[in-house]
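Okay, structure first, notes after.
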Amino acid sequence: MITPDDIVINLMIFLLSSFLGLELIRHVSRLLHTPLMSLTNAISSVAVVAALIVMAHAKNDVVLILSVVAVGCASTNAIGGFMITERILKMFKREDKK
Amino acid sequence: MILVELMYVISVVLFILSLRWMSDVKTSRKGNSAGALGMILAFIATIISIEMHRYDLVAIAIILGGLLGAIMALKMPMTAVPQRTAISHAFGSLAAALVGTAEYYQSVPDIDKFTMAVLSAEVILGYLTFTGSLIAFAKLQEIMSGRPFIYPGRRVISPIVFGSAVIIGIYLIFNPSSTSLFLIMATLSLLFGVLLVVAIGSADMPTVIAILNSFAGLSATGLGFILNNKLLIVAGSLDGSSGLILAIMMCKAMNRSFTNVLFGGFGQQQKQDEKGTYKSIRECPIEEAALILENANSIIFVPGYGMAVAQAQHAVQELSALLEKKGVRVSYAIHPVAGRMPGHMNVLLAEANVPYEQLYEMDRINDEFKNTDVAFVIGANDVVNPAALKNKSSPIYGMPILNAYEAKTVFVVKRSMNPGFAGIENELFNYPNTYMLFGDAKKVISDIAKQMKEL
């Protein structure tokens, strides 16, 4: 069961990491906003963790099926997201200094 | 389990470092690896912590999902990255919404008020982001028309649909057991996502994608609250704040507000004053353009999405390499909304082997135009329209633009005299220092390059 203490701590974590996120993203070069978006999208697929937790103690098939589909969707994002970010970042080259 | 908690902490640190390292191109690939490592750790930690009975299903889901993701990541052309991003927001938010739904069915009717409130919000946000992202995908992929779809009564219907979903969500907090209402709430949210995004034009997609990114992150945060999982809260809110910042930047770059983008129906076909308003268009022959370019000291290219549509970026890179060899200083001016998502134009030019040091954002290059011999506009329109600075009656008045008109000579490559995406007349074309080069961008640019080699 989630206690009021948990709620307060979680809210605190939410606020702090949102502020941290704002600070971090503000310093990301505009050059990289596209790969940034594919990266954060890949990171947000930690939803796979939630899907696995719910799946593990699914009490009926509806819950099981919903969470399995969620695992699939999140994996698409995780694997696809990091791969395409890598592909994009590889293309950014410096001037050849001859 | 202390081990699992520790692994989660390390994975959070890796996610934070990952974003930190994105601040510079040189460390960005390290950043991506850190993110991937964090994800793997989080996955392993979770597997350790739970008692999973159906590893077969997990394996199938990951293999199928991973395969689909990998194929998209490897096959998508760079022009299609905005679509891929939109579809990945759809996957992400669907995953979050489905987990929320599953958790609801798992715990109903024994759900405390706080959890149910978060569940309602999370499920509404997740499902509307899912369908909204699908529509954004369809528009960017041109399965659907890019023009905003304006239906009668939309200013009443959308708020009613959304409002009803919220009211049901609130009702469920106190009566979580009515599963049929939960389903109605989910359906209304799906519907609202469609209604919201069909009414937005393609030109606004950079902002819409960023907002959907933020929503997808927030719904992951919601799951963290529901399951009391701090890793999810942190990762979700990092994603949420990233989308928020990008959306704000996009809005600023267009001088628009969130509400105006989301509900303004901007980019509807406006009544054209027809070509008659362009009084003094000067066309320039290729030979002459080549000559002017060659004798210039400095050139700023101003690429827009039209360049990517014409697949002209490689031709542009060849021309600029040729010019550099002849001692001309070349740079590129990138407007924040050039392309179909934040930063898209940089990716397209990087793919065409333009070194990233030559790419300048608007604020850094705008003062340079007046000391520049040639501004070369390819497939950009509204972002170089001086009406945004000078004509108070223009719909784009107040939007920050690239001051291309200040260059000694301005070349504009254009297929025809049709107006740009927003359907607004471009005053730049009437300027005495502007010369038009009509034709397909790729052909025009390669012709100039060919001409220059012969000189």
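Chains as they are written, first to last, in this note's numbering: chain A, 1 to 98; chain B, 99 to 553. All C-beta atoms in this analysis are idealised placements derived from N, C-alpha and C, irrespective of residue type, glycine included.
Requested in this report: Kindly list the residues whose CB is nearer than 7 Å to the CB of Lys540 (chain B), restricted to its own chain and excluding five residues on each side of it in sequence; keep chain order.
Outcome: Ala408, Gln409, Ala410, Ala413
Query raised in the report: Is there a Cβ from chain D that is less than 8 Å from the Cβ of Val68 (chain A)?
Result: Chain labels in this structure do not include chain D; the protein chains are A and B.
Query raised in the report: Can you round the beta-carbon distance between Ala485 (chain B) and Glu525 (chain B) to whole angstroms, since I take them to be within the 8 Å contact cut?
Result: 5 Å
Query - C-beta atoms of Val400 (chain B) and Val452 (chain B) nearer than 8 Å - result: no
Requested in this report: Spatial neighbours of Leu21 (chain A) within its chain, please: CB distance less than 7 Å, with the 5 preceding and 5 following residues excluded, ordered by chain position.
Outcome: The sequence given here has Gly at residue 21 (chain A), not Leu. Once the five neighbours on either side are set aside, Gly21 (chain A) has no close Cβ partner at all.
Query raised in the report: Going by C-alpha distance, which of B:Asp154, B:Lys468, B:Leu135 is nearest Val68 (chain A)?
Result: B:Asp154
Query raised in the report: Counting contacts by CB-CB distance shorter than 8 Å, is Asp6 (chain A) in contact with chain B?
Result: yes
Query raised in the report: Is it a yes or a no for the stretch 293-304 of chain B touching the stretch 433-446 of chain B, going by three-plus beta-carbon pairs under 8 Å?
Result: yes
**Report entry** CB contact check: Ala388 (chain B) to chain A, cutoff 8 Å
**Finding:** no
Query - Spatial neighbours of Asn353 (chain B) in its chain, beta-carbon cut-off 6 Å, leaving aside the 5 residues before and after - result: Gly496, Met497
Query raised in the report: If you draw a straight line from the alpha carbon of Ser396 (chain B) to that of Glu422 (chain B), how long is it in whole angstroms?
Result: 9 Å
Query raised in the report: Where does Thr76 (chain A) land, buried or exposed, given buried means 16+ other C-beta within 10 angstroms?
Result: buried
Query raised in the report: Leaving out the 5 sequence neighbours to the left and right, which residues in its chain are closer than 7 Å to Ser45 (chain A) when beta-carbon positions are compared?
Result: Ala74, Asn77, Ala78, Gly81
**Report entry** For Ala431 (chain B): DSSP bridge partner residues
**Finding:** B:Tyr458
Report task. Return the residues of the stretch 301-329 of chain B that lie within a Cβ-Cβ distance of less than 9 Å from chain A, sorted by chain order. Result -> Ile307, Ala308, Asn311, Ala314, Gly315, Ser317, Ala318, Thr319, Leu321, Gly322, Phe323, Ile324, Leu325, Asn326, Asn327, Lys328, Leu329
Requested in this report: Flag Pro440 (chain B) as yes if its beta-carbon sits less than 8 Å from any beta-carbon of chain A, otherwise no.
Outcome: yes
Requested in this report: Label Ala419 (chain B) either buried or exposed according to how many other C-beta atoms from any shown protein chain fall within 10 Å of its C-beta, with 16 as the threshold for buried.
Outcome: exposed
Query raised in the report: For Val472 (chain B), which of helix, strand or coil comes out of DSSP?
Result: strand
Requested in this report: Please classify Ser126 (chain B): is it buried, with 16 or more other beta-carbons within 10 angstroms of its beta-carbon, or exposed?
Outcome: buried
**Report entry** Contact the stretch 118-133 of chain B vs the stretch 157-168 of chain B: 3+ CB pairs below 8 Å
**Finding:** no
Query raised in the report: How far does the alpha helix (DSSP H) with Lys128 (chain B) in it reach, from first residue to last?
Result: 123-147
Requested in this report: Tell me where the beta strand (DSSP E) around Thr3 (chain A) begins and ends.
Outcome: Note, Thr3 (chain A): premise wrong, no beta strand (DSSP E); not H, not E.
Query - Under 7 Å from the C-beta of Ser335 (chain B): neighbouring residues of chain A - result: Phe14, Ser17, Ser18, Gly21
Query raised in the report: Apart from the five residues on each side of it in sequence, which residues of its chain come closer than 7 Å, Cβ to Cβ, to Ala333 (chain B)?
Result: Phe113, Ala318
Requested in this report: Determine whether the Cβ of Met283 (chain B) lies closer than 8 Å to any Cβ atom of chain A.
Outcome: no
Requested in this report: Report the neighbours of Ile331 (chain B) on chain A: residues whose CB is nearer than 8 Å to its CB, in chain order.
Outcome: Asn10, Ile13, Phe14, Ser17
Query raised in the report: Roughly how far, in whole angstroms, is the beta-carbon of Thr144 (chain B) from the beta-carbon of Val49 (chain A), given that I think they are within contact range, below 8 Å?
Result: 5 Å
Query raised in the report: beta strand (DSSP E) containing Leu32 (chain A): first to last residue?
Result: That residue, Leu32 (chain A), is in no beta strand (DSSP E); it is neither H nor E in DSSP.
Requested in this report: Look at the Cβ atom of Ile282 (chain B), then the Cβ atom of Ser218 (chain B), and state whether they are nearer than 8 Å.
Outcome: no
Query raised in the report: Of all the CB atoms in chain A, is at least one closer than 8 Å to the CB of Arg118 (chain B)?
Result: yes
Requested in this report: Note down, one range per segment and in chain order, each alpha helix (DSSP H) of at least 4 residues found wholly within the stretch 202-273 of chain B.
Outcome: 211-238, 252-272
Query raised in the report: Do the CB positions of Tyr503 (chain B) and Tyr458 (chain B) come within less than 8 Å of each other?
Result: no
Query raised in the report: The beta strand (DSSP E) spanning Val508 (chain B) covers which residue range?
Result: 507-512
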